[in-house]
Ligand code: ARG
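Residue numbers (this note's numbering): 2 to 466.
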């Protein structure tokens with residue numbers, strides 16, 4: 002395919018450079034955005050009298066035909082084209098002749114590519130939010146289902162205090178909820194229309210930028226042409242939202258991997274989401290979790306790649322910026338694979354509620370409550386903490402639990418202990434009494450599930466509106 006910019010050159014480009022600089026292998030996925038953007042541009046040019054009505058119509062019809070063929074899967078994309086923008090324009094001109102050569106009036110590939118990427122990014126933000134919403138609604142189901150399921154909570158991966166599995170699930174709900182908000186922000190950043198920036202300095206044609214924004218459903222137009230073509234902050238916002246989201250998935254995966262070990266034995270992954278070993282017949286490996294944890298690294302890499310590409314660039318457009326797409330698409334594709342796989346894996350995972358309960362009773366998870374009991378009897382917290390610690394020390398030596406100590410043994414440590422201590426340090430009362438807002442008690446978890454459902458209904462609603 003002859004170069005559309007070949008006018009000032011005496012020699013063709015070297016084949017090495019052709020191959021090196023071509024972006025069509027990865028930017029052809031923006032073809033629908035490119036055509037939709039060009040249709041809006043041509044429509045506006047005709048409305049403004051920059052193009053004749055007849056040329057405008059020919060261009061729009063020609064672009065629609067290419068779009069239909071692409072959607073039907075019959076369009077053959079020319080891999081020899083420099084990029085998707087050149088491919089579409091050259092094909093259009095091949096088909097409709099002279100009028101096709103007028104499409105690029107008042108436009109540069111610099112503002113054209115900025116437009117296409119913004120349009121693609123908006124779609125990506127919406128799609129990721131939809132995937133997150135499915136995970137969030139599963140977490141709400143699990144929060145409710147396991148609101149009363151007692152388990153051990155950890156700090157430093159050491160047993161800390163009893164909580165509920167529903168409470169644990171709702172912690173992840175909060176994390177992925179914030180991810181939705183981050184993708185909403187990334188959407189808002191992308192939702193600004195850059196066409197009319199030209200190569201860097203706008204254009205002399207009487208373009209109606211607001212009209213193009215309206216045709217393409219953008220909320221605003223960019224305010225500075227130089228920034229319009231050199232800004233990729235919206236992709237960085239997408240990539241940083243993607244990185245945080247992957248970090249959240251990765252933490253969850255790490256826990257599920259741990260819980261699936263023989264040592265924990267509190268989660269059993271469905272066979273459909275587990276893999277075996279080629280040598281060890283007994284193995285059932287949590288590959289979905291491990292791969293998600295592993296892929297977090299590549300998404301961080303994508304963010305770091307684009308941050309580094311952008312850091313030394315003088316205004317305005319530089320070809321370095323063509324590197325934005327592979328990083329962005331890779332992170333997007335990774336999320337598109339990880340989120341549904343993770344959601345279904347979690348949905349089918351079985352939690353061993355008896356094992357969770359049994360495990361919560363080990364490791365003195367009620368030691369804080371024993372101290373709190375003494376505080377209730379008027380003992381200062383620091384003294385109560387010390388007494389509880391000394392009883393834990395005694396139990397460690399004798400391999401017993403706090404609830405196994407007799408009232409005499411307890412009273413030897415502090416005279417304030419009475420018969421009601423046993424009820425006060427039962428796992429049920431440790432959990433049930435933590436019923437403040439945000440606590441692990443079943444009623445607090447159910448209240449949190451209720452708030453979560455309201456939030457999700459509102460946010461899924463906004464998505465559709
Ligand atoms: N393929 C290019 C990119 O992805 C399109 C913009 C090229 N502009 C230019 N002046 N060479 O960034």
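For each residue, glycine too, the CB sits at the ideal point set by N, CA and C. Note that the coordinates shown come from a computational prediction; the quantities given were computed from them, not determined experimentally.
Check, Outcome
"N- and C-terminal bounds of the beta strand (DSSP E) containing residue 160", "159 to 165"
"Exposure of residue 40, with buried meaning 16 or more beta-carbon neighbours within 10 Å", "buried"
"Enclosing beta strand (DSSP E) for residue 151 [first to last residue]", "151 to 156"
"Cβ neighbour criterion (16 or more within 10 Å) applied to residue 306", "buried"
"At least three beta-carbon pairs within less than 8 angstroms, the segment 70 to 85 to the segment 25 to 40", "yes"
"The segment 323 to 338 in contact with the segment 349 to 359 per 3-pair CB rule at 8 angstroms", "no"
"Inter-residue CB distance, residue 112 and residue 195 (contact presumed, cutoff 8 angstroms)", "5 angstroms"
"Stretch pair the segment 112 to 130 + the segment 45 to 54: three plus CB contacts closer than 8 angstroms", "no"
"Local Cβ density within 10 Å of residue 123, reported as buried at 16 or more and exposed below that", "buried"
"Secondary structure of residue 409, DSSP reduced to three states", "helix"
"Close Cβ partners of residue 187 (< 6 angstroms) along its chain, the five nearest in sequence each way excluded", "126, 238, 239, 242"
"Backbone CA spacing between residue 330 and residue 392 [nearest angstrom]", "57 angstroms"
"For residue 351: DSSP bridge partner residues", "269"
"Neighbourhood of residue 344 by C-beta distance below 7 angstroms, restricted to the same chain and skipping five residues each side", "135, 136, 139"
"Secondary structure of residue 472, DSSP reduced to three states", "Not covered by the structure: residue 472. The range shown for the chain is 2 to 466."
"Option nearest residue 106 by Cα separation, candidates 146, 171, 199, 413", "199"
"Nearest-angstrom Cβ-Cβ length linking residue 151 and residue 432, presumed shorter than 8 angstroms", "6 angstroms"
"Where residue 181 falls: helix, strand or coil (DSSP)", "helix"
"Uninterrupted beta strand (DSSP E) stretches inside the segment 167 to 239 (no shorter than 3 residues)", "none"
"Opposing strand residues paired with residue 400 [DSSP bridges]", "Residue 400 pairs with nothing; no bridge assigned."
"Neighbour-count burial assignment, residue 42, 16 or more Cβ in a 10 Å radius", "buried"
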